[in-house]
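**Q** Numbering (my numbering), first residue to last: 513 to 830.
Quick reminder that beta carbons are idealized off the backbone N, C-alpha and C, glycines included.
Right, I'll just put the structure down here and ask away after.
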Amino acid sequence: MEIMGRGFRQIIRESPLYFHLGLKIGGYKLFGRKSPFYGSADIINVCNLHCEHCYWWLNRKENEDLTTQQWKKIIDEKFKKQHVFIATLVGGEPMMRPDIVELFVKEFPKRACVVTNGTFPIPYFKDIYFYWISIDGDEKTHNKIRGEGAWAKTRENVLNYVKNNGQKAWKDIWITMTINSQNYKTVEKVIDDWKDYTNKIGFQFHTPFMENDPLWLPFGKERDKVIDRLIDLKLNSLKNYIINPKEQLEIMKQNWGGKGTTPIDCPTWAIVSVDHMGREKQPCCIGSAEKDSMKPICEKCGLGCYSVLLGYGIKGMA
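Here is the structure:
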């Protein structure tokens, strides 16, 4: 038996961490105390791709990256001091800083996950939680968004990882798909392409930073149809593969995040997010530490990391 990829023995070993997590949840439910559950770190300010849907390019600044020692200090002061349970590594492309990935895995054994485009060879770390491999549709659609040959390179690296790292290596590979106006008809093809080689798949929706974003899939009939199909698959044939709870998927049929660029119901406080210089990002993990940078449109948010918390009754600051 596994819960979110965690076996019984692992859960027993992590019991002190669940104690702190339980205190946080109890403090919120009983007293409205808001203390972050998770951490998110942009460990690098460079990416080898330029995906047309990616928020990161909108706020990129040419700054130097931090050293391993500097990241260790951030881990201690921003994450461990607040007893965050899981740390998610993003970028840029985090696999361009394998030294920092290794550091986080060491500091958060079985609790560090890496969001990667998969175009670099995927290193094996015994204590990694999992890799989030970003897939944006079938091969044609994925390449249209990420660049020619990107899908094949990612496919090769995933299959090599599964082949070369033991019978259970596939459990380390999870797929994340950000659904948008270009790829929403390929959802089931993505599942068919990857389910035999990967442990889980999670879905979220594209969040625009500007009005009339052509990649945003508007609320309404087409979006509802996609969500209803995912719910059907989740409740029936793919209940152990699709990680999104039904409650979360239902939420994403309409505005749940806020008004304009201001979070309201969205529990942004639940994830402490830092940029590549260790500065806290606002208003959320796809925001920026720079005050004059572009902000996500909260009332059109499709982020999975916050909507899943809302589905469990964890709400925002309002």
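1) What's the gap between the Cα of Ile739 and the Cα of Lys697?
2) Assuming Thr628 contacts Ile645 under a Cβ cut-off of 8 Å, what Cβ separation, rounded to an integer in Å, is found between them?
3) Let me know the secondary structure DSSP gives Glu668 once reduced to three states.
4) Please go through the segment 737-781 and give each complete alpha helix (DSSP H) segment of 4 or more residues, from N-terminal end onward.
5) Under 8 Å Cβ to Cβ from Ile763, same chain only, skipping five residues before and after it: list those, please.
6) When you compare only the Cα positions, how much space is there between Arg735 and Lys765?
7) Would you please state the rounded distance, in angstroms, between the beta carbons of Ile687 and Phe642? I believe it to be under 8 Å.
8) What first and last residue would you give for the alpha helix (DSSP H) that runs through Ile703?
9) Between the alpha carbons of Lys746 and Trp583, how many angstroms are there, rounded?
10) Buried or exposed: where does Asn756 fall if 16 or more other Cβ atoms within 10 Å of its Cβ makes it buried?
11) Smallest Cα separation from Glu531: which of Val702, Tyr709, Phe597?
12) Would DSSP call Lys803 helix, strand or coil?
13) DSSP three-state call for Gly714: helix, strand or coil?
14) Can you give me the C-alpha to C-alpha distance between Cys817 and Asn752, rounded to a whole angstrom?
15) State yes or no: is the C-beta of Lys675 within less than 8 Å of the C-beta of Asn711?
16) Among Phe620, Lys652, Ile647, Glu651, which one has its Cα closest to the Cα of Phe637?
17) Indicate the three-state DSSP secondary structure (helix, strand or coil) for Asp684 in the structure shown.
18) Alpha carbon to alpha carbon, how far is Pro633 from Trp768? Give it in angstroms, no decimals.
19) Do Ile798 and Thr690 have their C-beta atoms closer together than 8 Å?
20) Spell out the partners DSSP gives Ala662 in its beta bridges.
21) Could you work out which residue in Pro548, Thr579, Leu815, Val602 is closest to Cys559 when comparing CA atoms only?
**A** In short, the structure shows the following:
1) 12 Å
2) 6 Å
3) helix
4) 758-763
5) Ser819, Leu822, Gly823
6) 7 Å
7) No, Ile687 and Phe642 are not in contact; Cβ-Cβ is about 10 Å, not under 8 Å.
8) 699-706
9) 38 Å
10) buried
11) According to the sequence displayed, residue 531 carries Phe and not Glu. Ranking the options by Cα distance to Phe531, first place goes to Phe597.
12) coil
13) strand
14) 19 Å
15) no
16) Phe620
17) helix
18) 37 Å
19) no
20) BP columns for Ala662 are empty, so no partner.
21) Val602
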